[in-house]
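Undergrad: One structure follows; several queries about it will come next.
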Ligand SMILES: [Zn+2]
């Protein structure tokens, strides 16, 4: 396991030198040093979670790649490799081009990525953390709804970038299950208008160029500011304003734990950083709580 020791004891240590030791141990899978190091790290984090009176978890694309959901902004992301696709994903483009909307609805009915995706061990572990009474708020940057599918409760989950589960009318704000619109598309309506006001319908996700829902962000900020442990899972912590949440937590004395395959801007000030596979390590942490 690539892991960082407690920040307090490693003020002067850079990530690389510390990691080198542990990566070496990690690679030596037969060695007992690995299990000691790995188990110690897991137990330390589990202890923090057990003692915490308020824990906030933030999840990003990395927790859902193990469910077959593409990562849009990562090194191999859809938008990273094809910036033109990002332009097509802006709200302005969607509103101004009927063709874009027709294509978008066609994609939704011909591609079952969202409907078929199932929660993986990482999502299930976080639902388990809530059942243990150890999760205050789960903020997710993902639009796949997999936390709810895994059993996390609606009151504790903030889908900060919206969800593909619902539609929303850009005219009157009416909202409902996306299946109602998809059924109309399947029945032949290429760009179904709102039945109440005739406005443009769209999946209830936050597109580029669209503001976040202010109440959602404020709720997330309040939770981050009062938490004792902030656990960031599968997020690069580079997409703002969500990336400010760990800073708010740290400022109020919370422990910051990061589980992510790639480095993040917070690694040097986090209390633990683990770059192990999320679906493998997160269930072990939760079981140890
Ligand atoms: Zn409407």
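In this note's numbering, the protein residues as written are 41 to 329.
Note that beta-carbon positions come from the ideal geometry of N, C-alpha and C, so glycine has one too.
Since we're looking at a predicted model, the values are computed, not measured.
1) Which whole runs of the alpha helix (DSSP H) in the segment 160-187 are 4 residues long or more, in chain order?
2) Check whether the Cβ of residue 216 sits closer than 7 Å to any heavy atom of ligand 1, and report yes or no.
3) Under three-state DSSP, which class holds residue 68?
4) Nearest-angstrom Cα distance between residue 84 and residue 323?
5) Run through DSSP, which three-state label would residue 252 get?
6) Pairing CB atoms from the segment 264-275 with CB atoms from the segment 233-249, are three or more of them under 8 Å?
7) Would you kindly work out how many angstroms separate the C-alpha atoms of residue 313 and residue 104, rounded to a whole number?
8) Any heavy atom of ligand 1 closer than 7 Å to the CB of residue 209?
9) Three-state secondary structure (DSSP) at residue 312?
10) Give the secondary structure of residue 196 by DSSP, where H, G and I count as helix, E and B as strand, and everything else as coil.
11) Under three-state DSSP, which class holds residue 329?
12) Would you tell me roughly how many angstroms separate the C-alpha atoms of residue 95 and residue 269, rounded to the nearest one?
13) Take residue 161 and list the residues in its own chain whose beta-carbon comes closer than 6 Å to its own, dropping the five residues that flank it on each side.
14) Is residue 239 a contact residue of ligand 1, with contact defined as CB to any heavy atom under 7 Å?
TA: Reading from the atomic positions:
1) Listed in chain order, they are 161-171.
2) Residue 216 Cβ: outside cutoff for every heavy atom of ligand 1.
3) Bear in mind that the predicted position of residue 68 carries a pLDDT of just 36, short of 50, making it too unreliable to give a figure here.
4) Their backbone Cα atoms lie some 15 Å apart in a straight line.
5) Judged by DSSP in its simplified three-state form, residue 252 adopts coil rather than helix or strand.
6) No contact exists between the segment 264-275 and the segment 233-249.
7) Roughly 19 Å separates the two Cα atoms.
8) Result yes, Cβ under 7 Å from ligand 1.
9) Here residue 312 carries a strand assignment [DSSP, helix/strand/coil].
10) Coil, per DSSP.
11) In this structure, residue 329 counts as coil in the three-state DSSP scheme.
12) Between residue 95 and residue 269, the C-alpha separation is close to 5 Å.
13) So the list reads 319 and 323, once near-sequence residues are dropped.
14) It does: the Cβ of residue 239 is within 7 Å (strictly closer) of some heavy atom of ligand 1.
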